Structure formats: structure tokens, C-alpha cells
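Heads up: the structure comes next, in C-alpha cells.
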Amino acid sequence: MEVDFFMKTIKAVAQKYEVTYDALRFYEKAGLLPPIQRDQQGRRVYSPTDLAELDKLLHLRKLGASVQETKDMLALFHNDKPMLAKYDAGIQLLQHLDADLDKRIAEIQQQKDFLNEANYKFNPNKPGIFQWQSVDDVFLMVVD
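For the sequence shown, full-length UniProt numbering gives the first residue as 1, with consecutive numbering after it.
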């Protein structure tokens, strides 16, 4: 097989997407990625189409989708006429992942607020951290 300029080695893909070689091999073996082409030495080389598929699956996995849920969603991406039940299940999964992400964002914001409060307590003169002398100052900051 002739490798063109746009084909990427497993090393380049692992670095770009910050995943391990083992993860890439697992995704292929589990059927989340199509069989990856090999160069003349038998090394995996990823096409732009493979990378687009990998990008989708990594987003789904980072959102918390299981391997099976990811496989199902990827199948829906490729099916021009998905069965209504599978389509509805896909929408429900995306809505669940969206709600879960909102929850995680709120939790992270709480942790960030805690860090800001702790930072202010230990370093009240640090630039960029709002300062107040009374409760009225806090109220005015919220209103303004």
C-alpha cells in the first residue's frame, strides 16, 4: 500500500489526540474504528477519514459514553436512514450526555469558586481577585 502525505502514523495520531497506542489499537479491535490500513512494514497508518471517525469517538468517550453507546452512536452517524427506535435512543443518549456534562461543569465551577475563595483568604492582595470590606460592597458588586 502506498502511503500518501495525509496519512498519519500511530505515533503522530497518539500525540495529536493525547491517547495511548493501546487505546488506538483497542478502538480498532472493538470495532469503534474501521480496520486501519498498514504500510509496507505493517505499521498502522491513519487516513483523514480515520481521524474524523476517531475525533467523533473520542468526543463521545470523553462525554462519558460507554464503548457500546459509542459504537451505537457512530453507527447512527453512518446510517442515512436509521431505524426510528435507534434514532430516538441516540437522541436520548445525547441528551443524557449533555445533562451529565452540565452537571460536571457545575461541579467544576464549584471547585473553582472554592479555589478562588481559598486563594483570597491566603492572598487577599493578589491582583485579579475582587476585594471587599463589607457585605454592602459584595451586594454592590453583584448589582453593578
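Don't be surprised by glycine CBs; every beta carbon is placed ideally from N, CA and C.
Note that the structure is predicted; figures quoted are calculated from it, not measured.
Here residue 45 is bridged, per DSSP, to 9.
In this structure the region 52-67 touches the region 28-40; the number of beta carbon pairs closer than 8 Å is three or more.
Residue 68: member of the alpha helix (DSSP H) spanning 67-78, first to last residue. Residue 65 is positioned such that its CB atom lies no closer than 8 Å to that of residue 24.
Pairing residue 20 with residue 14 gives a Cβ-Cβ distance under 8 Å.
In the DSSP assignment, residue 38 is bridged to 44. In terms of Cβ geometry, residue 73 and residue 58 do not form a close pair [threshold 8 Å].
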